[in-house]
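Below is one structure, written out as structure tokens, with a few remarks after it.
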Ligand SMILES: [Zn+2]
């Protein structure tokens, strides 16, 4: 076993203890007071490790936490580490199914997405800063509390912190089964389509009506035909509501649409096609609102170079680091779209994010923490 992995293994109990504390402290995105508690726990730990810690309050979100380790600037350009402290689980979830550990498998709400990765970031920072080979760059760790809601209040902060960064490391979970790092992510758009027709009595005056539901049914077929699994563009009408009663020709119908694309160009193209929807039925109307919320994280040359660096450092540690992509988006989409080299999926190895059976492996947590230590020292 590589000496660094051995060293991190000695901290196993401490890591598990801290993970248990984070998992057993609920932090739903929708309850700012609760996610602020986790923000404080993480912030205190960063302060103990010598960071300048700042809590950033925004309406509707728990306090975001920024920790900066300055004065390391032997090399130009800082490293930015991104974690999110919020989970998709409601208040009371941790009480219902608290943290458990069986052998190497840890379970509990948010353990995979992404409290495990947050613990890895903190322990890697502590280890790297205390080591004989400390990081040659300033380091910023930013933890937001609204990622699961789309990072509406933290996007601007993330983008400003990523300016002039040498690289961004996102501690979101790795890709199952082997724990691949993420070198690309699809962009995500949300659209609302509203069709309007004309209400009429379905028996007495059917011909006077224009059915908004029929119009929507046709629009759904058109929208779904835009999906192209070859290019990776997907259009999913995931929610539909319309009409009032069976005996009334429906006057209005709405649909919520999730759109994913691998490249900025594909994203723009699909956005234009959706904006250009025209009604099929005479007398019907189609309105479109929405757009792309997170741009795609494209697999650029600089991202591939950064991944190759991680892979080489991993192989020195005896780890086989692979790469993959995902249709899900993260805050790495924002920084990658700015052209800042970004590697995602540096967090936990496990599966089941956002599901009741989410789990991670503690032995792999130790390995990935060692990998991040080497990245912090090397880059
Ligand atoms: Zn996540």
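Residue numbers (our numbering): 19 to 397. Glycine included, each C-beta is placed from N, C-alpha and C at the ideal position. From a predicted model like this one, the values you see are computed outputs, not experimental measurements.
For residue 111, the shortest C-beta to heavy atom distance toward ligand 1 is 7 Å or greater.
Judged by DSSP secondary structure, residue 39 falls within the alpha helix (DSSP H) whose first and last residues are 30-41. Residue 359 and residue 298 have their C-alpha atoms spaced approximately 45 Å apart. Distances between the C-beta of residue 131 and the heavy atoms of ligand 1 include at least one below 7 Å. The straight-line gap separating the alpha-carbon atoms of residue 169 and residue 309 is approximately 15 Å.
With a cutoff of 8 Å on beta-carbon distance, residue 109 and residue 167 are scored as not near each other. Per DSSP, residue 101 lies in no alpha helix (DSSP H) segment; the continuous beta strand (DSSP E) that holds it begins and ends at 97-102.
Contact annotation: the region 34-49 touches the region 118-130, with at least three C-beta pairs closer than 8 Å. The beta carbon of residue 348 sits closer than 7 Å to at least one heavy atom of ligand 1. Counting along the chain, residue 351 sits inside no beta strand (DSSP E); it lies in the alpha helix (DSSP H) bounded by residues 350-355. Placement of the Cβ of residue 82 at a distance of 7 Å or more from every heavy atom of ligand 1 is found. Excluding residues up to 5 positions away in sequence, 74, 82, 84, 160, 162 lie with their Cβ nearer than 8 Å to the Cβ of residue 175 in the same chain. Distance from the CA of residue 281 to the CA of residue 64, rounded to the nearest whole angstrom, comes to 36 Å. When C-alpha distances from residue 30 are compared across 393, 189, 382, the shortest belongs to 382.
In the three-state reduction of the DSSP assignment, residue 49 falls in the coil class.
When only Cα atoms are considered, residue 337 and residue 143 end up about 20 Å apart. When distances are taken from the beta-carbon of residue 208 to the heavy atoms of ligand 1, even the shortest one reaches 7 Å or more.
Assigned with DSSP and collapsed to three states, residue 26 falls in helix.
Residue side-chain check: residue 190 places its Cβ nearer than 7 Å to a non-hydrogen atom of ligand 1.
Cβ atoms of residue 192 and residue 366 come within 8 Å of each other, at about 7 Å. Annotation: residue 314 to residue 246 spans about 16 Å, alpha carbon to alpha carbon.
Per the C-alpha coordinates, the member of 210, 226, 368, 220 positioned closest to residue 238 is 210. The region 177-187 and the region 87-105 touch, with three or more beta-carbon pairs separated by less than 8 Å. Residue side-chain check: residue 165 places its Cβ nearer than 7 Å to a non-hydrogen atom of ligand 1. Beta-bridge pairing by DSSP links residue 198 to 193.
In the three-state scheme derived from DSSP, where H, G and I count as helix and E and B as strand, residue 83 is classed as strand. In this structure residue 21 is exposed. Its beta-carbon is surrounded by fewer than 16 other beta-carbon atoms within 10 angstroms. Residue pairing by DSSP places residue 368 opposite 378 in a beta bridge.
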